Each structure stands twice: as structure tokens, then as C-alpha cells.
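Here the structure is laid out as C-alpha cells; the discussion comes afterwards.
There are 10 protein chains.
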Amino acid sequence: MSESEQDRVIGRYGFDEIAANHLEAWPNSYPERDYVTHFEIPEFTCLCPRSGFPDFATIIVDYVPDKQVVELKSLKLYINAYRNRQISHEASTNAILDDLVALLSPRWMRVVGDFTVRGNIKTVITTEYANPEYHGPRPELKRFLPAIG
Amino acid sequence: MSESEQDRVIGRYGFDEIAANHLEAWPNSYPERDYVTHFEIPEFTCLCPRSGFPDFATIIVDYVPDKQVVELKSLKLYINAYRNRQISHEASTNAILDDLVALLSPRWMRVVGDFTVRGNIKTVITTEYANPEYHGPRPELKRFLPAIG
Amino acid sequence: MSESEQDRVIGRYGFDEIAANHLEAWPNSYPERDYVTHFEIPEFTCLCPRSGFPDFATIIVDYVPDKQVVELKSLKLYINAYRNRQISHEASTNAILDDLVALLSPRWMRVVGDFTVRGNIKTVITTEYANPEYHGPRPELKRFLPAIG
Amino acid sequence: MSESEQDRVIGRYGFDEIAANHLEAWPNSYPERDYVTHFEIPEFTCLCPRSGFPDFATIIVDYVPDKQVVELKSLKLYINAYRNRQISHEASTNAILDDLVALLSPRWMRVVGDFTVRGNIKTVITTEYANPEYHGPRPELKRFLPAIG
Amino acid sequence: MSESEQDRVIGRYGFDEIAANHLEAWPNSYPERDYVTHFEIPEFTCLCPRSGFPDFATIIVDYVPDKQVVELKSLKLYINAYRNRQISHEASTNAILDDLVALLSPRWMRVVGDFTVRGNIKTVITTEYANPEYHGPRPELKRFLPAIG
Amino acid sequence: MSESEQDRVIGRYGFDEIAANHLEAWPNSYPERDYVTHFEIPEFTCLCPRSGFPDFATIIVDYVPDKQVVELKSLKLYINAYRNRQISHEASTNAILDDLVALLSPRWMRVVGDFTVRGNIKTVITTEYANPEYHGPRPELKRFLPAIG
Amino acid sequence: MSESEQDRVIGRYGFDEIAANHLEAWPNSYPERDYVTHFEIPEFTCLCPRSGFPDFATIIVDYVPDKQVVELKSLKLYINAYRNRQISHEASTNAILDDLVALLSPRWMRVVGDFTVRGNIKTVITTEYANPEYHGPRPELKRFLPAIG
Amino acid sequence: MSESEQDRVIGRYGFDEIAANHLEAWPNSYPERDYVTHFEIPEFTCLCPRSGFPDFATIIVDYVPDKQVVELKSLKLYINAYRNRQISHEASTNAILDDLVALLSPRWMRVVGDFTVRGNIKTVITTEYANPEYHGPRPELKRFLPAIG
Amino acid sequence: MSESEQDRVIGRYGFDEIAANHLEAWPNSYPERDYVTHFEIPEFTCLCPRSGFPDFATIIVDYVPDKQVVELKSLKLYINAYRNRQISHEASTNAILDDLVALLSPRWMRVVGDFTVRGNIKTVITTEYANPEYHGPRPELKRFLPAIG
Amino acid sequence: MSESEQDRVIGRYGFDEIAANHLEAWPNSYPERDYVTHFEIPEFTCLCPRSGFPDFATIIVDYVPDKQVVELKSLKLYINAYRNRQISHEASTNAILDDLVALLSPRWMRVVGDFTVRGNIKTVITTEYANPEYHGPRPELKRFLPAIG
Ligand SMILES: [Ca+2]
Ligand SMILES: [Ca+2]
Ligand SMILES: [Ca+2]
Ligand SMILES: [Ca+2]
Ligand SMILES: [Ca+2]
Ligand SMILES: [Ca+2]
Ligand SMILES: [Ca+2]
Ligand SMILES: [Ca+2]
Ligand SMILES: [Ca+2]
Ligand SMILES: [Ca+2]
Ligand SMILES: [Ca+2]
Ligand SMILES: [Ca+2]
Ligand SMILES: [Ca+2]
Ligand SMILES: [Ca+2]
Ligand SMILES: [Ca+2]
Ligand SMILES: [Ca+2]
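So the protein sequences, as listed, match chains A, B, C, D, E, F, G, H, I and J.
Heads up: the first sequence begins at 1 in full-length UniProt numbering, then just goes up one per residue.
Heads up: the second sequence begins at 1 in full-length UniProt numbering, then just goes up one per residue.
Heads up: the third sequence begins at 1 in full-length UniProt numbering, then just goes up one per residue.
Heads up: the fourth sequence begins at 1 in full-length UniProt numbering, then just goes up one per residue.
Heads up: the fifth sequence begins at 1 in full-length UniProt numbering, then just goes up one per residue.
Heads up: the sixth sequence begins at 1 in full-length UniProt numbering, then just goes up one per residue.
Heads up: the seventh sequence begins at 1 in full-length UniProt numbering, then just goes up one per residue.
Heads up: the eighth sequence begins at 1 in full-length UniProt numbering, then just goes up one per residue.
Heads up: the ninth sequence begins at 1 in full-length UniProt numbering, then just goes up one per residue.
Heads up: the tenth sequence begins at 1 in full-length UniProt numbering, then just goes up one per residue.
Okay, here's the thing in C-alpha cells:
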């Protein structure tokens, strides 16, 4: 492949930031309310555990924070870190839920992994956590994805 | 019909894989949670039981696994195997539910067969199974299909 | 209007089939389940009872069969037969419900008549029947129609 | 402005029909059922009470008739009559509800006024009436409007 | 079919208007310009010449008037008159072109018949007339544009 | 119709501004370039010359200014002034072109009137002016593009 | 797989009609005009020449007939006959062009094979024939337009 | 940057109106009904508290007024005033709720801040207030936003 | 407005980066080809020259680089710098063209300013530069295409 | 991160196939025609040359083959191989063109890299090659068309 001189002057700080990252929590400024934060992260990619071929997904997180909220840049770098991991659709979606629940102890959280088609089959994984004492809103997932076809 | 030499060098391993396939179950890595797996399989085709003419559908499966999940490649080949069967819309949709419930004993499962128009009428079949002891999420089917017209 | 010779060689079997048709019921192969059949019939037309001008609609039927299902070709011809009838929006939608309930004794049925604009007003009629002993799914009508404009 | 001779030969019967109109009720042919009639009326316009500048809306009516249904032509002319009235978004939407409830004594009715943007803000008013003894369907408003942007 | 008393009080003036109609031309108020008029007529229906079963189409007309324009109500009634004719897709589209060219002697005209699916095949017929001396715009067929938003 | 006290406190300055308005031209700051200005004005309404019933349209203007550009507020008020005029689709679209060409002497201009359906027929009028010495861009009519996403 | 008794009563006439079919030509009623016929055939399926796994496509045909037009039912059955053939994307699209040109000797024809994704890659093949003496319209490939509304 | 003379003649009244504005309440003309007012305000912008870079959002407000409604122009100017504030997604959405609840004492209110993507992540904040004695409609948020991609 | 402690810890580096920025050019690695770079920048905002109220636009740039390409981060900061400028729609779109042409001396460039509605009128400005010796592609403005599906 | 035993049994053959792959050419079965092959490859990802952070794009290839066509599986693996390369938008798009032209010596080819937003700016690169003796179709870039319905 032909490549220009310019493109050989490459930087590596992105690799370093992803490797050094830890999910970070910040104090919730509005703990008195059960408000919902919804994230859509369309650039998730990982590797198939069986083959090593790439998989792609949009990750959607909805949660009601308790004492803490997730810091956005650390969440982005956390997602970036899946790029070179071999992990199944079910495992990555559930692992994101596990990791965010462990960090934040939210009142309620749902994670959706909306994966692209493999072997003519599209897969979407939805997994949810709730503090047993929580009775606030659990908004339906309105917008799974555009329709096939 | 004219055809090039190249196209005559045909392979048959797809036929063999479809014929030899059995639906396969794998252990569920997250049995402690009632999470939902959603599949969309847009390339279903079978034959009309009355005429033998082809029918086309998107099959949509939602389920909450218990001890086992379905292996994706075996599901694809299972769907491929309907291509030469003569079977009605109701029968194919219910048979897919029967076969997956028999394999997986899921907590809950719904199968939708979203067929293309025949005789100016579009048909969608929705059929569902639930373990009587299951009380977790049964997500509404959000995205039946794009609107006519 | 100019017309070619070819187009004068006309056939009449469609008229005969529509005139001779009766809605026909077939046995339900899966009576043990409360599954839902959804039909969309976009080519309904009838005549306005006040003027005789044509009306157009999409008819949408959802039902849970009990012992019988409707045969599709007879349903198509039944719908065709409205072409020359003068009947209001409410009357046609309710009449289709009456006729299908009388034929099938379903567990539950809903008929929607989604008519095109007349006098700058779009009308959609929704009417429903349920056997009092039925407690299964009554799926919400997801997809009324595309938005105006 | 230049104008052709033809366009000067103007008629006035529309003005007369709008001025003479009264909302008209007809007997409900299916009073034994709680069926829903849905209207969309995209060509509503009135005048801002503060300035006199034009406002535009789509009016959406859903109702379950009791003994009477509204006659469509009289409804169209009733809507036309708002063209020269100065009335707020809240007042017009609630007034349409009041007038139709007074005419029809429906079992249930909802009126939505979906107005176009003014001052960078889009406003939608939703107002509802129910006979206290009514326990039938109150269909959710599926299709508020197309998304911004 | 059950029917209410009300729906038996039927009117016939629509039949009479359609039967008595002739396509009507009016003077073009702007003959000095080559401007384009585009019509979309989504409620065309006729009968298949081979079977008598109904066909449905949207008819689209674009033309550059010369001395005359078509009167809209007479065009609507002309289109209504196809409802009971047995005529092929090609013949109806070309006949509409012939009739409008004969009436108007336009500088340029194109008629499209955009028919619904029959036998799994959708058909669109496009046919065009131009006065040999005409050198003005012949706009490509594309839907002009949805309204803002 | 019931109405609150508040809504009776009405203002009239909008009427006055519309009545007093004249289309206004401003100097073009970039006369050395053939750049295109595109306007979409979705809230046009006038009255049918035959009946007095309301008509609705989106007006689309594209032009290449020469020495002057149109002032936007005066254009809005000019469009508002059609609300009480009885004028045909062809006449209003061509009149807007005439008036803007008279005001601005542009290098090139096109006006489109995209009217809502009347009598089941949608009408779009396209009319164009060019200075004979102009040889710059005449962009095809297409909606520029939705924002990303 | 479980199957009801009813679904075992299968018919075979579709197989027979497909096997016996020959593409059939009819006289063109409007040979004096260069009009365009556009077909969309969304239910094409064949088998991959390398593996035997199914492929799916929409076939789009545009042509300007000369003396003959293709009969629609024979075209549908011709397309059905690809279901059990092993043939590449390029070969099937070009073969359809070859066969229709051989049958009809059209003035101009274009065939598009718009295949679904395989190996994460979507493929669309476009191939065209023109009689060297033909100078009429060769419409660009674009979806004609959605219906109004 | 080059700039014309005209563009240097700038006005400042917008700055003054925004600076002088206070959210203003008006009496609710229909306090006897629990009706819902829905606002969409697509042109919200503020500054990131960490960096000072701009953020963009659509703000969506739904509320059931009690004795008072918010005056629209004062709401627009209130939203304009965020342009130069450094404030987080959570803080701005909750602050709008706080300020409107303090002004209006509504029966129920929900505010959504639908922010554009930052660091590949889209964020939507939903926060809600209800008077404990309120038992009327709390309409689901139907239309969060268009889908990614 | 209520605000949490956390949100008071604000940073200013964004202000500094925007203030210090200069548009920056990099060498074009592929000067031997006339390739086209297309940018969409949906988060442009400036201030109205007459009032000081905010305006919003998507800026779209297409260009064929010669010896240099624009560095993306400096382009983003350049666009950010319009936030506090009072400038008209025509002036900002033409100024962006002027500044980029001065920086890059491209073979061809087009800038579009697609502004949101003001006074019920949407405005889109399109302005273009070409080196007189350039004869390569000048792609029509159309949104490239949505992703598959 | 929690992970199940199952997900630790990982395979590596995908890595090996990507590493060993070479773009492969096959004979063109229809060299006598200038037909167009269009590919859409939505799962392209590489790494930013400046930072190492991931970039995402859809790659679109259109070409008219001469003696050879590209083998699809080798094209997929070639695209996969960009996952760990640090390369700019311009360089990757032009490199794909260079590599495919070197392999196939096509009559004409165009490659588009449609990248996701970075720093609020979306970038699309379009680059093209033509054999100087080629005079056949060079289809404009437009998405072919959605399937019917
Ligand atoms: Ca906070
Ligand atoms: Ca599609
Ligand atoms: Ca697992
Ligand atoms: Ca059955
Ligand atoms: Ca719209
Ligand atoms: Ca009635
Ligand atoms: Ca959008
Ligand atoms: Ca006229
Ligand atoms: Ca200026
Ligand atoms: Ca014919
Ligand atoms: Ca539409
Ligand atoms: Ca009020
Ligand atoms: Ca998309
Ligand atoms: Ca470069
Ligand atoms: Ca080949
Ligand atoms: Ca559609």
C-alpha cells in the first residue's frame, strides 16, 4: 500500500490514554431527584471470541444515578478499550453493566448492545440492574434501532 | 441462459452444512440475570404448502435464556433449512418457537414471522412461550416493520 | 380515449371469483397457544354513501384465533367485494369485524380502517372484539400509519 | 402584483358555507361498541391573540362516540372558521374539545393541537375529556408528529 | 354483512358527475413563460384487462402549458372514470398522455403511472410528449421536496 | 365557543405591519460572485379564486443576486399578505416571481409553489427567470440535505 | 419439527408452472413512442456458486420496448426459476439482461441486481444494453418517488 | 475575514432583551383540566464547564399547568441566556426544571436535554417533577430524538 | 438558577484555544489526483447583525485540494470563533469561502451555509470558487448516502 | 471485568486469515460489456495517525471491470487489515483506490470514504481513476434505492 511521508509521522498518545484509563465517578449534583441519563455510543468494536474477526455495535446506557455519575471521557476510553478484546455479544453487554454498577451503585441501570449483522442474523442484548429499593422511572427503550429493510 | 465457465465451477459445502446441522445450545454465562437477546433474521424463505411458490419473511426472536443460549451458526443453518420446505406462515412461526423452546427451555421466548405480501395481504404471526414461574421483562415488540407505502 | 387492440381482449374471471366468494375458515393448527395473526390490506376501496365518489383505505386486522383461521384468498376476495359498495368509514370497519367474528369466533380481534384524506381530514377507525373469557395478549397497534407531511 | 383576467373571476361560496356552518351530529350506527375514531386535520390556521400574525397547526382528534358521531363536512367548515380568529394555542385546542364534547357527549375524547415553531419554540397542546363511567380504550397518541430536524 | 339504517340512505351525484365529465381546458395566464406544472394523483384505480381484478397506481403528470391549462376538477373526474375500465398499465399511462396532449397541445408533457405490486413485480410506466419546437425545461422526475422539518 | 378573559386582550400590530409592508432590497455585499440564495417558506396560505376556501403551500425561492438582495422581514410580510387574497396556484407562484424580479433584477431566479392536495390532486408549480447574459449556476431543485445523523 | 396435519396436504402446481415457463413477448401497443417501463422485483433468490448458500437481491429492470413487451407472469416465473441455480452476482444480473434482450430486442434496457450483504459487503451490479440507433431517454436510476403523504 | 460595510451596521437590542428578561407567568385559562403542554426548543447552546467549548441541545418540556402558564417569549429569552454560561448537561437540564417549577408550581413537569455527541457519546438527560397530589396524565416521551446514523 | 458546587469549578482552555487559533494548511499527500473532500459542520452559530440574537447553521464545504489540505482541528476552532460575531447569512458563508481559498489555493471549492428558520423562512447560501484552469469534478451537492440498512 | 469461562476459549483463525490475505483477482465473465459493480463496506475502521484513536467509515467502491474482477472474500480481509493501521482519511481512501487499480486495471473506478464525525466535523473523501480510453458510464454517487415498501 502506498502511503505518504506525512502519514508516517504518527502519534501514540491515544494508545496511552486508553491503556491508563480507569472508569471515574463524580458526585451527582442532583441526588434528590430520580433523573435519567441516556448515553448512545455508536462506535463500539471488539473481536469475536471464536474467530478474532471484528464485531461492531452501538452501546446504549440508561441509568438513574444515586450518589455518583460517570465521567464521560473515562467512559469513552473504557469503551475504546474493547477494541482488542475477544468477547461475545452477551459477555460484553453484561460486562459493561457489571462495571458501571460496580463503579456507581446506581438506583437503576440498563445496557443495550445493538450489534451489526453476522451470519445474516442481527443480535441485540438488553440487560438491566435495579436496586431493590428503587421505585422510580425505568423508561422503555424507545429507539432500539432503525428497521431492517 | 448464457453462463460463464467460471460460474460452472460450483461448490456444495453449503448444502452439506445445512443438511448436517442440528440446533446447538451453549451454556449461558449470565444465568443470574433476566437479560433479553433479540435476533432479526431477514433472509427466511420457504415454500407455500398449497402451491409450492416461494414465501419470504423476516424472523424475529426475543428470549430470556435460562441455563442455555442458542449457538448462532447453528441457528443460521436451521433457518436455511426451511428453503425447500412447504409450510404455512402459522406453522413455520410456531415450529421455530417449538424447536427453540425444546432446545433451550428459556424463561420466556417470542417468535415473529413477518412475511411479505401475498394476494395483496401482508401477514405477521406472533407467538410466545413463558415458563409459568417467570416474572421478568417481556419487552414489547417495538419495531414490527416499516409502514406500507 | 385511444386504446390498443390488445387491451380489448379482456377477461372476466376476477369478477366471477369476487361474486362467488364466501369467507372461508380453516382449522387452526396451534389452538393450544394464544398467538396473534396480523394482516395489512392496503388496497381497500369502496364508495362514499353520500356521493358515490371513491374512498381508499388500508385495512389492518389483528386476531387471536380459537378453533379456526381465515383462509387468505377468500379474505382477499371479500375485501375486493367492497369496491362497488356505498358504505361509510365506520360502517365498513365495523362490518369487517362483524363478519370475521361471525366466521371465526376468535378469542380476540381488532380491525382498523385507515382511510385517505377527504375534505382535508384523515380518518382512522379502530374497533375491537374480545371473548369475555380471553385474557391473552392484545398487542397495541404499533404502526397506525405514516405521518402526514 | 400582476394578475390575469381569469383570476379576477372569483367565487364566494366557500365564505358563505363557512359562515353558515354549524357542527352537526349524526346517529352512531355502532353504539354497542367502544370503537375509536381518529381524525387528523393538517390545515388549521388562526391568528395570534397578541399580534394578529398567523399561526398554523395540525389538529388531531380521537374519540369514542356514544349516541352520535360528528358529520365530517361540518367539522371541516368548523375548522376553517378559525382562520380569522385571534386565539392562543391553549385556547383553540381546549375550545375544540369543549365544542365537540358539547355536541356529541362522547364516552371519551382527546384533542391535540400540534403547532408550528414560533420564536424557535414548537408547542403541542393535548387535552382530554372522559365520561366518568367510561372504562374502554384510551389509545395512546402514537404519532405526535415528525421529529425536529 | 350487517349495515346500519343510516348507511342505506345513499346518494348518487358522484356517479353522475363522473359520467358527465369532459376534460376541460382554461386559458393559461402566463403563456409568455415556460413554467412547469406537476400533478400527483395517488388514488388511481382501474381493472386488469386479463382478469378484471383491481389495479392501483399513483399518476404523475408534469407539463409546460402553451395556450391552455387543464381544469383541476375535470382532471379529477377524468381519473375517477378509470375505476370501472379494464386497461393495462401501459395503455392507461399512454392514454392519459394522449388525452391531455389532445386537449392542451402543451409544449411538453410527461405522464408516469406508478403501479402497486402484482405477482411480486412493481411496474412504473413513463411516457413523454414534446412539441418539436420546444427547447425549455424538461425537469427530471424527482419528488420535489418534503416540507421543512 | 368558550374563551378565557385573557384571550380577549388582543393585539393588532401584525395586521398593521402586513398592510404597510413593501418588499425591500438591500445592497449585495458579494456582487463579484454568482452565489445562490435558497429560501423555503412553508407557511404560505391564500384563498381559492373559485370558492374562497383556503389553500396551503410551501414557497421555495432560489436566486443569484446581482446588485441587491431581498430583506428577509419584508419577504415574510409580503408572503403573509397572500392570506386574504383569492388567487390560483399558477398565478400566485408566477406573481411572486414577477414581484421579486421587479424588485431585485437578479441574474437568475426560480420560484416553486408546492401546494397541498385538493380534490385528491397535489400540484407543484415551477417558474423561472434568467437574465439573458447570465451563464452561472442554476442549481437543480433538491432539498439541500438533512443535518448529519 | 412439529407440524400440523393440515400443512402436510401440500400442492405442487407452483413447481410445475416454474418448470414449464418460457419468457413470453406480447405486442407493444405504443411502438410509436419511446416510453420507459420500470420493474422492481424484490424477491429474487439464488445460490452462491462457491458454497451453495442462498443469496438474495432486488432485480430492477428499465427498458424502452420496440415491437414487443414482456408478459408479466412469465417474467415472475422466470425470476422464480433462479431459486435453485448456483450463480454469481455478476452472472445472474448479466444473464437476465441477455435473456430479456434476446426475447424483446428492446431499444434500450438496463438491469440492476441489488444484493444483500455478504461478508460485510453489499454488492449492486448494473448492466445495460442499447440498440446503436437508439437516441431516446435513458433515465438515471433513481427510485421514482414515494406516494404523497 | 473580509466583511462588507453593511454587515458592520450592527444592532444590540437582542443582547439587551436577553439580559433584561425574567421568566414570566400568565394565568391558565383552563385550570379545570389536566391538559399537557409540550415544548420543543431545538436551539439551546451553552458552554462546557470543563473547557469552555460550546455544547448544543434540544430542550423538551412537558407540563400540566395549575394556575399559571409560562409566557413563550420570556421562555425563549431565558433559553437564549444559557449561551454564555458554563454548565454541565445534568446541571442545565435540572436547572431548567427548577426554574420553571419555581415559577409555575405546575401539577407535573418533565424536562429533557437532548445533547449532541461529544467524545463519540450522545447524552440525553430526563428529569421530572410532580406535585404529590397530582394523579393525571404523565405522557411518555415518545420522540426522544432521531436515531443515530 | 440553582447550581451545584461541582459546576462552579470551570475551565477556560477552550476559550484560549479558539482565540489563539489560525487556520492551518498541511501538505496534500495526493496532489496528482483531483479528489474531493467533503466536510459537514453541523454546529455553526453566530449572532444576527441586526439584533444580536443567535443564528444556527450547518456549514458544508466541498473542495479539490491542490498543494495543501486544511488541518481539521484548526478548522473546528475557526468555526467556533464565529460564536460571538455579528454577521449575516451571506457574509458568513462567503467569508468562510474567502478564508479557505486564501489559505489553500484549492483547485475548486464550494461552501454552503444551511441556516435554521428565522421569521418562518429557511435560508441556504451556496457560494463557489474555481481556479480558471481547473476542469475536474465539481460534484453536485447531495448528501452522500446513509449507511446500509 | 467479569467474564465467563466460555468466553476465555478463544480462537485466532481470523487474525491468521487477515494477516495472510492478498487481494485476489478473478476473470471477468462479461468483459464485452461496460457494467458497473458497486460495493458498500460499512465496517471500516483504522487508527488516527496523530493520536492512535479509532476512526470509522463506510467505504464505497464503484468500478467498471476490464479483464478482472476482485474476489469478495479477499476484499473483506483487505479491509479488515486497516484495523490496526494509523492512517489519515485522505490516505486510506486513496490507498484503497491505488491498491484496487493496481490489482484490476479497471476501465474506471471511484472510491469514497465516508467517515464518522470527529471534532464536530464529518469528512467524506471521493477519489477516482479512469483509463484514458474509457468512455462508458461513470454513475453519479447516489444510494441505489431502498427496497420496495
Ligand atoms: Ca453535575
Ligand atoms: Ca434497505
Ligand atoms: Ca456467554
Ligand atoms: Ca395452520
Ligand atoms: Ca415533514
Ligand atoms: Ca355510521
Ligand atoms: Ca436529522
Ligand atoms: Ca391561471
Ligand atoms: Ca450582505
Ligand atoms: Ca399494451
Ligand atoms: Ca411521505
Ligand atoms: Ca390561555
Ligand atoms: Ca441509518
Ligand atoms: Ca494526507
Ligand atoms: Ca463472473
Ligand atoms: Ca415505505
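By construction, the Cβ of each residue, glycine as well, lies at the ideal position given by its N, Cα and C atoms.
Computed from a predicted model, the values in this text were never measured in an experiment.
Boundaries (first-last residue) of the alpha helix (DSSP H) holding residue i
i              : result
E32 of chain E : That residue, E32 of chain E, is in no alpha helix (DSSP H); it is neither H nor E in DSSP.
D62 of chain J : Element bounds for D62 of chain J: not the alpha helix (DSSP H) but the beta strand (DSSP E), 54-64.
A20 of chain E : 13-20
Contact check, residue i vs residue j, beta carbons under 8 Å
i               : j               : result
V101 of chain H : Y129 of chain H : yes
Q86 of chain A  : G52 of chain A  : yes
S74 of chain F  : H22 of chain F  : yes
I60 of chain B  : I79 of chain B  : no
A81 of chain B  : I41 of chain B  : no
S29 of chain C  : A57 of chain B  : no
L72 of chain G  : I121 of chain E : yes
T37 of chain G  : I10 of chain E  : no
Beta strand (DSSP E) segment containing residue i, residue limits
i               : result
I121 of chain C : Per DSSP, I121 of chain C belongs to no beta strand (DSSP E) and is neither H nor E.
Cβ neighbours of residue i in the same chain (closer than 7 Å, five flanking residues each side left out)
i               : result
M1 of chain C   : A caution first: M1 of chain C carries a pLDDT of 41, below 50, which makes its placement in the model too unreliable to give a value.
Y13 of chain B  : none
E3 of chain J   : Reliability of the predicted coordinates at E3 of chain J is poor, the pLDDT of 46 falling under 50, and no value is obtained from them.
R138 of chain J : W108
T123 of chain H : H89, F115
Bridge partners - residue i, DSSP secondary structure assignment
i                      : result
T126 of chain I        : F:V36, I:V112
residue 151 of chain F : An answer regarding residue 151 of chain F cannot be provided, because it is not within the stretch 1 to 149 covered by chain F.
L47 of chain A         : A:P54, A:Q86
I96 of chain G         : In DSSP, I96 of chain G forms no bridge with anything.
I41 of chain J         : J:I59
Cut-off 8 Å between Cβ atoms - residues of its own chain near residue i, not counting five sequence neighbours on either side
i              : result
D55 of chain E : T45, C46, L47, C48, H89, F115, T116, R118
Y35 of chain J : V64, P65
P27 of chain H : K67, Q68, V69
R50 of chain D : none
Beta-carbon proximity list for residue i, same chain, < 6 Å, skipping 5 on both sides
i               : result
R110 of chain F : D62, E128
E5 of chain E   : Below a pLDDT of 50, predicted positions are generally treated as unreliable, and E5 of chain E, at 47, falls in that range; the measurement from the model is reported next regardless. Nothing listed; no residue qualifies.
Cβ-Cβ separation, residue j to residue i (assumed contact under 8 Å), whole Å
i              : j              : result
Q68 of chain F : A25 of chain F : 4 Å
V70 of chain H : L97 of chain H : Not quite, the Cβ-Cβ distance comes to about 13 Å (not below 8 Å), so this is no contact.
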